[in-house]
Each structure stands twice: as C-alpha cells, then as structure tokens.
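Per numbering that gives the first Met the number 0, residue 0 is the first one in the sequence shown, and the count goes up by one each step.
Where a beta carbon is used, it is the ideal one built from N, C-alpha and C, also for glycine.
Bear in mind the structure is a predicted one, so any value in this text is a computation, not a measurement.
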Amino acid sequence: MKAEVFRFLCSELQSKGELHPSRHIAVDEKVGMFLWTVARAASNRDVQERFQHSGDTVSRHFHQVLHAVNLLIPDYIKLPSTSETCVSITSNPKLYTYFNDCVGTLDGTHIAAKVPNEDTAAYRNRKG
C-alpha cells in the first residue's frame, strides 16, 4: 500500500470511523496491525511479535479498527441490488433457469467451506 493511501485511510478512520489514538498506540499503528493481520492472515501471536504488544492489546485494537472500517461501508462499498441479476446469467438460457435469482458473479472463485463428513461429496468442486 502506498504511504499516501495509508495516511488517507488513517484519516478517514479517524474522522468518519471514529477511531482514536490510545495513550500508548497511535492510529497509524492500530491500522498497521489491522492491515498486517488481514493481508498476511497473521495470527495474534505473529502480530504480537511484529509490533511488540500483548495479545490483549492486539486483539482490542484489531476489533476497534474493524468496527471503524465497518462504519465506512456505506461511503465506499456499493452492495449489489437483490433485484439485479448479472448480465452473463440473463443472456445465457442455460444459466438463467438455474441462477436467475443469484446475486454476484460466476467467476470460478473458490471459497473453502467446512462441512460435515457426510455432506462433503455435495460440496466438492473441480478444485477438490
């Protein structure tokens, strides 16, 4: 992430997301811990080592930033309308009969799912 984008995100989270510095941790460090965790799928322990804070501190500030990011959703994320169906579905009669009420796209995205052992066959795809 570029430095100016990071600074803009921090200022937006402070002004609109209600994120404030604590006595010992500045907003940019809180956002840095959050982004480090999300981008690297890092564990709490990894973030503790990287930023030299306790697990409780890391967890508390992660949730504060997450809450502030959630407050920015109406300003920056346009959720799909439930009444709109993707053009690639409506233009293809093979797909439309099965996916006419589907919201989103059919792009082959793989989402890992944890299902009971007796139901695994129904959730297996070409990627296993």
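- [ ] Work out the CA separation of leucine 94 and isoleucine 88 for me, nearest whole Å.
- [x] 5 angstroms
Open item on the list: Pop quiz: isoleucine 24 and histidine 60 are said to be a contact at Cβ under 8 angstroms. What is the actual Cβ separation, rounded to whole angstroms?
Closed with: 6 angstroms
Open item on the list: Rounded to whole angstroms, what is the Cα-Cα separation between serine 42 and glutamate 3?
Closed with: 27 angstroms
Task: Exposure label - methionine 32; buried when at least 16 CB within 10 Å - done: buried
Open item on the list: Taking its Cβ as the centre, do 16 or more other Cβ atoms sit within 10 Å of valine 37, making it buried, or is it exposed?
Closed with: exposed
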